[in-house]
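Scroll down for the structure; my scribbles are underneath it.
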Amino acid sequence: MRAWAVVAGKEIKEQLRSRKALFTLIVVPVLMWMGVGLMHAFIFGSMAPGGPLATPMDVHLAVDDEGPYGELAREIVYTVASNMNAVVHEVSYEEGMKLVREGSTVLFIWVPSNFTSCLISNGTARIGVWVDMTSQRASALAHAIVSVLNRAVAEKKVDAVQTPIRKMPFTLVMLSLMLVMSALWGPMPTVTSSFAGERERKTLEVLLVTPVGRRSILLGKLLAAGFSAALYMGSSVVGLAIYNGLVAWATAGMIEELVSPALTLREALVVITAAVLTLILSMSIGIVISCFARSVKDAETYYSALFMLPIMLISGTAFTRFDELPLAVRAVILAVPFSHGVLMINNALIYGGPLSAVLFNAAYMLAWSVGALLVGAKLFEREEIVETRKVKKPRRRFRTPSRPRTLRAP
Amino acid sequence: MGLYDVSKHFGPVVAVDHLTLEIREGEVFGLLGPNGAGKTTTVRMICGLLKPTSGRVVVLGYEMPREALKARRYIGLLPQESDVYESLTGRENLEYFGRLYGLEGEELARRVDEVLELVGLKDRADDRAGEYSGGMKRRLMVARAIIHDPRLVILDEPMMGLDVFAVRRIRRLVRRLAEGGRTVILTTNDLEDAERTCDRVAIIDKGRLLALGTLRELEEKFQEKGLEEVFIKLVEGEP
């Protein structure tokens, strides 16, 4: 056999004997794409009118014109909305504007009383459209209504005077996503090498024999991980400032309704707070991983597998209004602690969520961090931290040995 | 210190089986046995890292592992498989462990110099440990085990990977520790080493105590000449 074949054969044999490698190579991608597929099925399925996952969206309409074109506009709004699984509620102009001011509607369309007369006399007329730019469905519906209405009035023209209920700061969405993702990955090298590294270097046993309590060792490790995480965050903030400057320069003069390229100080503080909380969370969970992983490689494998799915979920929360997601998806996203970094930024800066929602996001992440650290402390107390053999008695399943086997191998 | 009817099970595997040993203060005690005999498990129970499945372990009057934190102040360990922090210098490695044992300031500096001298690493003390040879690293580990001047020193295969000069240095160091009133537990596969260094030895296999005593006592009892013959007779005679 050729030497390269011998080497390849041995490598493949090792890979096939490693359950962790097989789990990462075979099970994780299936689970990951299944999760993402389920989520996308829910998200896109919710928009399909006749689909099994249809989730209706409420929109508001005020028609003050009693002429034929006013009636035509009403019919078009109802038809298009029905096709896109939206429910139209007719209100007065005053009621509609109240909803807009409160941010309680994602789309309000007003057909003014002179709509028909203007179209007949001038060949052109205006309608008012107030749309929440953070809602992809509302934006798409508004666009569709105006297009169909223009086709229906043939050679005449309807101008939609569009006013945003909320702006859609794409750069902020991208930025929050990237910052939170980097907060997830940033501490990995330090955290995975903390205990798993000591064990791999065979320095853990001698450390545990010192008269230092295990919780003190854990705290020391955590502080060291915090230090490197702080360096990482410091660099990220500098990078953020550079990013902000570059984007502000490049997008100067763009339509403000669509893009808010540069972060204000308040926005930057919220983004950084969310990233720091995510960083603490990933450090705490990483410490737990490091406590039971036998080597740095193992710890990195677990870390990657555990963090990949949340990242896919986060990508869904970043570009879709959370309250437009079906209930089941919302429940899954809310349960995953890593989603809350992005949700916190979205609630505070994009969707105008209440302060209680922002505080809940922060508290949820902190609670998970504390919980993970307590679990880590418990794991660190186990004998398995120095002993690779299982200490617990196994369940007797088939037969009981008459006499315990004695140990030969080291 | 002593182990009294101590057993340790790992699931169905019995690593230590009703072991009873008493070790006297100021002696060099050899814990001998083939690979997998239960030496390292015994050492880990003495240090309070593992809890006996049954029996009692008492170290310097402290019940292990319940009072392990108090006892560890007086225990120095060189594990069989260990390493040093390669990105730190030899001196920094020792300072780190010295601080963990509560040493500081001038006392720490003096003690670091002393142990570096004892293991013959003073000239290379400020080099990164990653640049040390295998033997130098092992000597640094021995220095680390005695940095806090412990009353009980446990050396698990200390001569492993050392050249003849380093072995001689460590043997001298072990004798010197015992003369200074320190108790030394030496686990080894090297019977010549044990014969030269230990006051008393225990031979264990499959977690059980096969023999305990001075070399002369064992020779008389088993009618063999030399520790190697006694050892082979006992271990080969095991079922």
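Listed in order, the protein sequences are those of chains H and X. Counting from 1, one number per residue, gives the positions in the first sequence under our numbering. Counting from 1001, one number per residue, gives the positions in the second sequence under our numbering. Glycine residues also receive a C-beta, built at the ideal position from the N, C-alpha and C atoms.
| request: Identify each residue in the segment 1077 to 1089 of chain X for which the Cβ-Cβ distance to at least one residue of chain H is less than 9 Å, and report them in chain order. | output: Listed by position along the chain: L1077, L1078, P1079, Q1080, E1081, S1082, D1083, V1084, Y1085, E1086.
| Residues of chain X with a CB under 8 Å from the CB of H/K202: which are they? | For H/K202, the chain X residues whose C-beta falls within less than 8 Å of its own C-beta are P1079, E1081, S1082, D1083, listed in chain order.
| task | Assign X/H1018 to one of three DSSP states: helix, strand, or coil. | result | It is a strand residue.
| Where the alpha helix (DSSP H) through X/R1193 begins and ends | The identity of residue 1193 of chain X in the sequence shown is Asp, whereas the question assumes Arg. For X/D1193, the enclosing alpha helix (DSSP H) stretches over residues 1191 to 1197.
| field | Cβ of H/E384 within 8 Å of any chain X Cβ | value | So no, H/E384 is outside the interface.
| query | Taking one C-beta from the segment 63 to 77 of chain H and one from the segment 109 to 118 of chain H each time, how about it: are there three or more such pairs within less than 8 Å? | reply | Yes, they touch.
| said: With the cut-off set at 8 Å, would you say X/V1142 and X/L1177 are in Cβ contact? | reply: No. Outside cutoff.
| task | Determine, using beta carbons only, whether X/A1145 and X/T1089 come nearer to each other than 8 Å. | result | Not closer than 8 Å, so no.
| query | CA-CA distance, H/T406 and X/V1016? | reply | Note that H/T406 scores 46 on pLDDT, short of 50, meaning its location in the model is unreliable and no value can be drawn from it.
| Hey, how far is the Cα of H/P112 from the Cα of H/T134? | Spanning the two alpha carbons is a distance of roughly 26 Å.
| query | CA-CA distance, H/I127 and H/F322? | reply | Rounded to whole angstroms, H/I127 to H/F322 spans 29 Å at the Cα level.
| task | With DSSP collapsed to three states, give me the class of H/T79. | result | In the three-state reduction of the DSSP assignment, H/T79 falls in the helix class.
| query | Can you tell which of X/P1052, X/R1099, X/S1133, X/G1105 has its C-alpha closest to the C-alpha of X/R1066? | reply | The candidate whose alpha carbon is nearest that of X/R1066 is X/P1052.
| Start and end of the beta strand (DSSP E) containing H/Q162? | Run containing H/Q162: 157 to 166, per the beta strand (DSSP E) assignment.
| Taking 8 Å as the CB-CB limit, is H/L219 close to chain X? | No, its Cβ sits nowhere closer than 8 Å to a Cβ of chain X.
| Per DSSP, X/E1063 is paired with what? | Looking at the DSSP assignment, X/E1063 forms a beta bridge with X/V1058.
| query | Taking the alpha-carbon positions, what's the H/V106 to H/S236 distance? | reply | Taking the straight line joining both Cα atoms gives about 34 Å.
| field | Proximity below 8 Å, CB of X/R1200 to CB of X/T1183 | value | Result no, Cβ atoms of X/R1200 and X/T1183 do not sit closer than 8 Å.
| request: For X/L1049, go through chain H and note every residue whose CB falls closer than 9 Å to its CB, in chain order. | output: Correct list: E205, L208, V209, E383, I385, V386, E387.
| request: Run the CB neighbour count on H/E257, radius 10 Å, all protein chains shown included, and call it buried at 16 or more, exposed below. | output: The predicted position of H/E257 is uncertain, since its pLDDT is 47 and thus under 50; a value taken from the coordinates is nonetheless stated next. Exposed, by the Cβ-count rule.
| query | Thinking just about the alpha-carbon of each residue, which of H/L279, H/A138, H/V146, H/V336 is nearest to the one in H/Y232? | reply | Minimum Cα distance to H/Y232 is reached at H/L279.
| message | In this structure, how does DSSP classify H/P404 when only helix, strand and coil are distinguished? | response | At H/P404 the pLDDT is 46, less than 50, meaning the model places this residue with poor confidence; the figure from the coordinates comes in the next sentence. Here DSSP, grouped into helix, strand and coil, assigns H/P404 to coil.
| Is H/V259 helix, strand or coil by DSSP? | In this predicted model, H/V259 has a pLDDT of only 48, less than 50, meaning its place in the structure is not dependable enough to derive any value.
| field | Reference H/Y411; option with closest CA among H/F227, H/D159, H/D64 | value | There is simply no residue 411 of chain H to check, as chain H begins at 1 and stops at 410 in what is shown.
| message | Could you tell me the alpha carbon to alpha carbon distance between H/G197 and X/D1149, rounded to whole angstroms? | response | Just so you know, the alpha carbons of H/G197 and X/D1149 end up roughly 28 Å apart.
| Minimum Cβ-Cβ distance from H/G213 to chain X less than 8 Å | In terms of beta-carbon proximity, H/G213 lines the interface with chain X, with at least one pair separated by less than 8 Å.
| request: Work out the CA separation of H/A305 and H/A154 for me, nearest whole Å. | output: Between H/A154 and H/A305, the C-alpha separation is close to 57 Å.
| chain H contact residues for X/R1072, given Cβ-Cβ distances below 8 Å | Near X/R1072 (Cβ distances below 8 Å), the residues of chain H are V209, T210, P211.
| field | DSSP-derived helix/strand/coil call for X/R1128 | value | Assigned with DSSP and collapsed to three states, X/R1128 falls in strand.
| Listed in chain order, which residues of the segment 1135 to 1147 of chain X have Cβ atoms closer than 9 Å to some Cβ of chain H? | Within the segment 1135 to 1147 of chain X, the residues whose Cβ lies closer than 9 Å to some Cβ of chain H are M1141, R1144, A1145, listed in chain order.
| said: At the level of alpha carbons, what is the spacing between H/E324 and X/L1069? | reply: Straight-line measurement puts the Cα of X/L1069 at about 56 Å from the Cα of H/E324.
| query | Is the shortest distance between the beta-carbon of X/F1097 and the beta-carbons of chain H less than 8 Å? | reply | Answer yes: the Cβ-Cβ gap between X/F1097 and chain H drops below 8 Å somewhere.
| request: Confirm, please, whether the CB-CB distance from X/R1139 to X/L1121 is below 8 Å. | output: Yes, Cβ-Cβ distance for X/L1121 and X/R1139 is below 8 Å.
| task | Could you confirm whether any beta carbon from chain H is found closer than 8 Å to the beta carbon of X/R1216? | result | At least 8 Å separates the CB of X/R1216 from every CB of chain H.
| message | Looking at the secondary structure, which residues open and close the alpha helix (DSSP H) in which X/K1221 lies? | response | Residues 1215 to 1222.
| Apart from the five residues on each side of it in sequence, which residues of its chain come closer than 6 Å, Cβ to Cβ, to X/R1128? | Correct list, in chain order: T1089.
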